[in-house]
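Here's the structure, in structure tokens; my notes come after.
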Amino acid sequence: MAVADRGLLREINQFTILNTIRSLGSVSRVELAQITGQSRASVTNITARLMENNLIYEKEVKDSNQRGRKRVMLALNADAAYVVGIKVSACMISCAVTDMAAEVRSSVDLPVDTSNRPVEFVADLIYEGVSFCITRAGLTPGQVSGIGTGIPGLIDREKGINHWTLFTQKDHLPLRQLIQGRFDIPVWVENDANTVTLAHQWFGHGRGIDNFLVITIEDGVGMGIVVNGRLYTGEQGMAAEFGHVVVSPGGQPCRCGKRGCLEAYVSNFSIIGQAAQYLGKDRTLITYEQVLGAANAGDKRIQKLFSRAGRILGRGIAGLIQVFSPKRIIFSGRGVESGPLLFDPMEKEMRLHTTGEVMENCDIILQKFCDTDWARGAATLALQELYKSPLDRILPRI
Ligand SMILES: [Zn+2]
126 MAVADRGLLR
136 EINQFTILNT
146 IRSLGSVSRV
156 ELAQITGQSR
166 ASVTNITARL
176 MENNLIYEKE
186 VKDSNQRGRK
196 RVMLALNADA
206 AYVVGIKVSA
216 CMISCAVTDM
226 AAEVRSSVDL
236 PVDTSNRPVE
246 FVADLIYEGV
256 SFCITRAGLT
266 PGQVSGIGTG
276 IPGLIDREKG
286 INHWTLFTQK
296 DHLPLRQLIQ
306 GRFDIPVWVE
316 NDANTVTLAH
326 QWFGHGRGID
336 NFLVITIEDG
346 VGMGIVVNGR
356 LYTGEQGMAA
366 EFGHVVVSPG
376 GQPCRCGKRG
386 CLEAYVSNFS
396 IIGQAAQYLG
406 KDRTLITYEQ
416 VLGAANAGDK
426 RIQKLFSRAG
436 RILGRGIAGL
446 IQVFSPKRII
456 FSGRGVESGP
466 LLFDPMEKEM
476 RLHTTGEVME
486 NCDIILQKFC
496 DTDWARGAAT
506 LALQELYKSP
516 LDRILPRI
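Residue numbers for the sequence shown follow our numbering, beginning at 126 and rising by one.
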């Protein structure tokens with residue numbers, strides 16, 4: 126027990142040191158000890174190991190406060206290792222290669238239909254996309270230390286299984302195992318809303334904030350929760366299914382099998398379905414952009430779809446604010462393009478149902494994430510795992 130605890134502590138300390146150096150750009154050992162709360166001895170030990178392995182390096186900078194005296198700062202060696210991030214959605218597979226600092230070195234978006242396709246087919250497409258992306262970055266697969274994958278649905282992150290998702294999985298064949306088998310590189314799989322949340326925490330609007338929520342509005346409605354600086358995923362990683370909170374018992378059927386879920390009114394998928402009914406058209410022949418265009422051109426019936434969705438969303442968000450009292454709520458995904466059509470009624474309803482003092486401390490941010498941003502978020506998942514891995518696992522095997 127004592128040995129396991131020491132190992133865990135070492136992982137956490139190493140992660141904290143690497144992540145602090147990454148987020149600050151350059152930092153002295155003394156500052157590292159102050160910021161992380163670790164002892165000077167521990168900081169010296171860990172940074173010595175990281176330097177030996179070329180993950181960080183020393184650089185001298187002039188100290189403006191002390192008449193040009195030089196200070197030794199530590200910085201991340203961004204080229205020490207590379208990772209790949211993959212985002213799978215119903216109509217797109219996006220891949221990105223990033224360095225240790227989470228900067229994108231190459232990316233590719235493959236417009237392909239993944240819904241209701243066998244998982245082996247999806248794994249083959251991922252293999253093609255990732256191989257192309259690695260070559261485009263001027264690398265070989267042997268130089269990649271990990272692959273992070275963001276997929277919609279209920280994910281068992283330990284086994285890499287989707288309990289329900291876009292593509293079909295006979296016998297629960299795990300996507301993680303299929304990707305790992307094709308590349309022989311460690312693979313991590315996570316719900317896509319959680320990878321976007323990690324992206325915000327590392328380089329987006331969640332930087333430096335300990336308590337925030339991310340709501341993603343795409344074909345589904347997803348959520349990521351950061352509490353006390355850590356992603357909260359609940360028992361077996363299945364928390365934050367905000368889209369499947371029932372808001373209207375016996376209401377519209379949801380893709381999860383229940384009726385009246387929030388997602389069945391608010392997601393782009395449901396807005397398209399309801400608009401298709403009004404217009405008397407086949408839903409497969411209408412795009413979200415067309416529906417949005419019709420509402421912006423003044424179609425009152427479609428505007429009403431958005432305002433009803435906004436009110437339902439606003440009541441849901443009010444509940445979240447009362448429960449979590451977050452510093453910030455970030456809305457991401459293509460649904461953000463609906464702008465005031467959805468978010469004006471959302472904000473009105475949210476304020477109506479939230480205690481003033483709690484609401485005052487929470488700000489709302491809308492940010493559409495492009496496909497590469499989602500893939501970069503998935504790469505962050507791999508980086509997070511690498512930062513706490515033993516050093517021989519971080520470094521490429523070449
Ligand atoms: Zn549902």
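Backbone N, C-alpha and C define an ideal beta-carbon position, used for all residues, glycine too.
Bear in mind the structure is a predicted one, so any value in this text is a computation, not a measurement.
Residue i (DSSP reduced to helix, strand or coil)
i	result
Lys195	strand
Gly494	Correcting the residue identity first, residue 494 is Phe in this sequence and not Gly. Residue state, collapsed to three classes: coil.
Ile272	strand
Arg135	helix
Ile146	helix
Asp469	helix
Ile411	coil
Pro266	helix
Ile442	helix
Ile160	helix
Ser151	strand
Asp238	coil
Ile519	helix
Asp188	coil
Ala215	coil
Lys513	coil
Ile362	In the sequence under discussion, the amino acid at residue 362 is Gly, which differs from the Ile named in the question. Three-state result, Gly362: helix.
Span of the beta strand (DSSP E) around residue i
i	result
Leu235	229 to 235
Arg355	355 to 357
Leu279	279 to 281
Thr479	Taken as a continuous stretch (DSSP letters only), Thr479 belongs to no beta strand (DSSP E), as it is neither H nor E.
Leu338	337 to 342
Arg453	453 to 457
Extent of the continuous alpha helix (DSSP H) run through residue i
i	result
Ser256	244 to 261
Asn319	317 to 328
Gln402	393 to 404
Met176	165 to 177
Arg301	300 to 308
Closer than 7 Å: residue i CB and nearest ligand 1 heavy atom
i	result
Glu343	no
Glu482	no
His369	yes
Ala434	no
Ala389	yes
Cys122	This structure cannot settle anything about residue 122, because the visible part of the chain is limited to 126 through 523.
Cys258	no
Lys383	yes
Cys386	yes
For residue i: DSSP bridge partner residues
i	result
Glu183	Leu199
Ala221	Gly210, Ser232
Met348	Ile340
Trp313	Gly273
Cys386	Val371
Asp488	Arg453
Pro378	Arg384
Neighbourhood of residue i by C-beta, 6 Å cutoff - its chain only, sequence neighbours within 5 removed
i	result
Arg426	Tyr403
Ala443	Met475, His478, Thr479
Close-in-space but distant-in-sequence residues of the same chain around residue i (CB under 8 Å, 5 per side omitted)
i	result
Ala364	Ile350, Tyr357, Thr358
Leu250	Ile218, Leu235, Val237, Thr239
Ser392	Ile342, Glu343, Asp344, Gly345, Val346, Gly368, Gly460
Ile539	The structure shown does not extend to residue 539, since the chain is modelled only from 126 to 523, so the question has no answer here.
Asn178	Ala205, Leu516, Ile519, Leu520
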